[in-house]
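Quick note on this note's numbering: the sequence shown kicks off at 467 and runs consecutively. Note that beta-carbon positions come from the ideal geometry of N, C-alpha and C, so glycine has one too. All values derive from a computational prediction rather than experimental measurement. Since the structure comes first, as structure tokens, the remarks are kept for the end.
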Amino acid sequence: MLAAQSGVRVQIVTPHWGDSSIVHEVTRSYYEVLVAAGVQIWEYTPGYVHAKVVVADDDTAVVGTINFDYRSFYLHQECAVWLDEVDAIADIIADVDVTIAISTPMTLEYLRSIRWPRRVWRAILRTFAPMM
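Laid out in structure tokens, this is it:
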């Protein structure tokens, strides 16, 4: 969020359909504050996206199984590969661009139109986020 607020382009793609409805609702509970801060979020609707990919400055990438949560960092034995100044990064960027092109953008207008019962449900679930 701080990076986006400082002018860095931050793009996130999440699946439109999650493998756990509870975890998916918790994920969505963060969208509005992130988008308001300048983060661009899309939901991938053609299927399920489970990739964990970070690209920085068009010359560095991290690809792996690691979720950005407590379990992945401290409990599970996850792995990732750090790529720096290799040709494969151009392919990764192209894949991300295609994925974004066929995904649905989460706009502030849409996010603010979500009805209050759903917002309350997400706020309740979010209190359990550290355990998920």
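When only Cα atoms are considered, K518 and S472 end up about 24 angstroms apart. Between the alpha carbons of W548 and I532 lies a gap of roughly 12 angstroms.
Secondary-structure assignment with DSSP links E509 through a beta bridge to T480 and T570.
Straight across, the Cα-Cα distance linking A556 with G504 is about 25 angstroms. In the structure shown, T593 adopts coil according to DSSP, grouped into three states. Going by beta carbons, M572 and I488 fall outside the 8 angstroms limit.
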